[in-house]
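Okay, structure first, notes after.
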């Protein structure tokens with residue numbers, strides 16, 4: 126199952142930009158507006174997967190985070206929202222049961238508070254060390270997005286580098302507005318795996334942000350430095 130996580134194909138995933146999720150978040154939201162949610166939700170090795178406890182320990186040390194997604198209340202140009210951002214330094218931003226739970230809780234709280242949601246993904250996909258529990262998060266998060274949408278609330282999905290596997294195939298592709306960051310790799314299975322399986326040479330721009338937009342999977346392509354004004358304008362139009 127090549128889409129499970131970066132651990133499955135250690136040489137197939139693209140390099141991520143060297144910056145932390147919190148640094149990126151700080152550039153997007155208003156000063157002192159971010160109030161974090163569910164920081165103390167911690168993953169456990171429920172399947173007793175060999176080496177997973179050590180990987181979690183190393184991920185916490187390298188990222189200074191407890192999990193691969195950060196969620197919370199924020200404002201962008203004084204427009205309130207709930208925002209979630211993935212930390213690729215934590216096991217390539219892979220989605221396990223705690224990541225799925227944090228996403229679901231964020232959307233449920235947004236329904237209660239009648240707030241828009243913004244997600245900023247950077248993920249290698251589902252977390253193989255949690256097996257079927259990680260795959261369950263695809264339907265769980267997609268259902269949360271659906272319930273939020275049924276209330277007429279705005280969901281903006283920003284696809285950063287990389288956004289792959291089960292994250293692409295679930296909530297990240299379900300935004301009312303989908304923004305692909307310039308130079309991001311976006312897809313399900315990695316390009317090399319597809320070429321080896323189908324024995325077909327793919328175009329150089331395959332799974333690029335502009336390729337995704339040209340094929341109808343994103344509404345726009347944006348530079349990272351332009352995200353704040355773009356998101357502020359979209360939130361203002363929806364308010």
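In this note's numbering, the protein residues as written are 126 to 364. Idealized CB from N, CA, C, for every residue including glycine.
Rounded to the nearest angstrom, the gap between the Cα atoms of residue 227 and residue 329 is 36 Å. Residue 287 counts as buried, since at least 16 other C-beta atoms from the protein chains shown sit within 10 angstroms of its C-beta. Boundaries of the beta strand (DSSP E) harbouring residue 287: 280 to 288, taken from the DSSP string.
The C-beta distance from residue 222 to residue 168 rounds to 7 Å, short enough to meet the 8 Å contact threshold.
Around the beta carbon of residue 213, 16 or more other beta carbons sit within 10 angstroms, so the residue counts as buried. Short of 7 Å from the beta carbon of residue 360, and not among the five residues preceding or following it, lie these beta carbons of its own chain, in chain order: 201, 204, 206 and 241. Relative to the Cα of residue 263, the nearest Cα in the group 273, 285, 254 and 298 belongs to 298. Counting other Cβ atoms within 10 Å of its Cβ, residue 246 reaches 16 or more and is therefore classed as buried.
In the structure shown, the three-state DSSP call for residue 318 is helix.
Shown here for residue 301: same chain residues with a beta carbon closer than 8 Å to its own, the five before and five after excluded, namely 274, 279, 280 and 281 in chain order. Distance check between residue 266 and each of 250, 284 and 295 places 295 closest, using alpha-carbon atoms only. Exclusion of the five residues before and after residue 291 leaves 128, 129, 220, 250, 251, 259, 260, 262 and 263 as the residues of its chain whose Cβ lies within less than 8 Å of its Cβ. When Cβ pairs closer than 8 Å are counted between the two stretches, the stretch 229 to 241 is seen not to touch the stretch 181 to 192, the count staying below three.
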